[in-house]
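Beneath this line is the structure, given in structure tokens, with notes to follow.
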Amino acid sequence: MTPLHCAAWAAGALLAALAGTAQAVVVAGPGGTAEQGRRLVVAEPAPGAVAPTLDLVSARLDAVDLAAGSVTVRGQRVPLHAEQLRVLGSGGQNLGPRGLRAGQAVRLALEPAMPAAAASAGSPAPARRIVLIYIDG
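Read in order, the letters of the sequence shown correspond to residues -24 to -1, 1 to 113 in mature numbering (1 follows the signal peptide of the UniProt record, and there is no 0).
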């Protein structure tokens, strides 16, 4: 046997051994009924465990200033999140910030607001930055 045949045989034996150990796993509950399972799914989430969501807002870009890291929307300058910003085209392709142009119709999402308890009472909340821009057709 040549070294190539030995290596092929060893690889085949390894694959056969791995395939032989694969098993299907059946997950069984503690013996409850289907109705109990439905009630469990419908149950309310624990208070305070709500994950922040991103809400898209329709707008038109008045101006784009990538050097300053901001766009102007409805006459207000809004900062872009430098690390988390995603700019998507109408087909879902990732365009990046260089795909932004003044006058484009977009839908944008701001980063989730900080909880009131996290912000100190003496200082104002920081401006929320744009984390997602979807360019409409």
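Backbone N, C-alpha and C fix where the C-beta goes; we use that ideal spot for every residue, glycine too.
Whether residue i touches residue j by CB criterion (8 Å)
i   : j    : result
D38 : G51  : yes
G72 : G65  : no
R62 : E87  : no
R40 : V47  : Contrary to the premise, residue 40 reads as Val rather than Arg in this sequence. Yes, Cβ-Cβ distance for V40 and V47 is below 8 Å.
R83 : D112 : yes
Closest by C-alpha distance to residue i, when choosing among the options
i   : options             : result
A56 : G65, I111, A43, S66 : Per the sequence presented here, residue 56 reads as Leu, with Ala not at that position. It is A43 whose Cα lies nearest to the Cα of L56.
Exposure of residue i, with buried meaning 16 or more beta-carbon neighbours within 10 Å
i   : result
V33 : exposed
CB-CB length for residue i against residue j, believed under 8 Å
i    : j   : result
A81  : R53 : About 19 Å separates the two Cβ atoms, so there is no contact after all.
V107 : A89 : Actually they are not in contact, since the Cβ atoms of V107 and A89 sit about 12 Å apart, beyond 8 Å.
A58  : G79 : Going by Cβ atoms, the distance from A58 to G79 rounds to 24 Å, so no, they are not a contact pair.
Endpoints, the beta strand (DSSP E) within which residue i is located
i    : result
T48  : 46 to 49
Q52  : 52 to 55
R83  : 81 to 86
A39  : 33 to 41
L108 : 106 to 111
L76  : Where L76 is concerned, there is no enclosing beta strand (DSSP E), given that its DSSP letter is neither H nor E.
L64  : 62 to 64
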